[in-house]
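Take the sequence shown: its position 131, counted from the start at 1, is 131 in the UniProt record's numbering, and no numbers get skipped.
Okay, so here's the structure we're looking at.
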Amino acid sequence: MNPFPTRQAAEAYLARIPDLAVRDATRARLGLDEVAAPALEPRPLPEPRQHAVPAPSGRVPVTASQGVTASTPGVLTFTLPFPPSLNSIWRATLVPCKPKKPGAPPWAARILLSQDGRQYRRAVRDIIRALHSPSTPPGARLSLHLHVCPPDRRARDLSNLPKALEDALTHAGVWADDSLIDELRVTRGPVTPGGQVHVTITSLTATLFEVQS
1 MNPFPTRQAA EAYLARIPDL AVRDATRARL GLDEVAAPAL EPRPLPEPRQ
51 HAVPAPSGRV PVTASQGVTA STPGVLTFTL PFPPSLNSIW RATLVPCKPK
101 KPGAPPWAAR ILLSQDGRQY RRAVRDIIRA LHSPSTPPGA RLSLHLHVCP
151 PDRRARDLSN LPKALEDALT HAGVWADDSL IDELRVTRGP VTPGGQVHVT
201 ITSLTATLFE VQS
């Protein structure tokens, strides 16, 4: 299946593959060896439908377009709700257990995902499903850029924000594990009501993203 909108876009991608054998194999897989069909008059694309996603912790819902922006092969971009901080996605709790030693208390401390963390995971999962479950190539090393638009002017450490979002994308199946990220960049954007994060995932290998039907 050819994921490119035009033959010209596909040829531009193929021209960047230095290995001729890999280039020819990719051309055949994309079906570009076949005779091109007569050109059709372009028709305007319909406006994308909007998918309202419930926001965690009473935040303003973020609307996700039902389509993945992929202006460059191997690059996936979409927008997610503003994540909870690292300090708020885990909570300590006591759970009953059988004492291992005489006189030991009948409970043990456990670190569990908080309600904010669970709500955020569900919100991200619903957005990814609405985008037809895009996923990165198996085993591909990745570059992740998060452009963070906070909901207000309160002081925030950007380093506290990626973990909840990365874990949510792992849970949603966008990648196998966030340990595949070799490059991580976090930038601060303008204040946006409700807050949001513009996500850009770039495959560092010469493979294309796959979209599950």
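Ideal placement from N, C-alpha and C gives every residue a C-beta, glycine not left out.
Buried versus exposed call for E11 [16 or more other C-beta atoms within 10 Å across all chains shown]: exposed
Reference Q119; option with closest CA among D167, R185 and L20: D167
Neighbour-count burial assignment, P138, 16 or more Cβ in a 10 Å radius: exposed
Assigned exposure category for R185 - 16 Cβ within 10 Å defines buried: exposed
Beta-carbon proximity check, T200 vs V75, cutoff 9 Å: yes
Option in D182, L161, T205 and V197 with minimal Cα separation from S85: Nearest of D182, L161, T205 and V197 to S85, Cα basis: L161.
Exposure label - S159; buried when at least 16 CB within 10 Å: Sixteen is the threshold: since fewer than 16 other Cβ atoms of the shown chains lie within 10 Å of the Cβ of S159, the residue is exposed.
Alpha-carbon spacing of D152 relative to K101, whole angstroms: 50 Å
Contact with chain C by P81, beta-carbon distance below 9 Å: Note that chain C does not occur in the displayed structure, where there is just one protein chain.
Contact between the stretch 190–197 and the stretch 130–144 (3+ Cβ pairs under 8 Å): Short answer: they don't touch.
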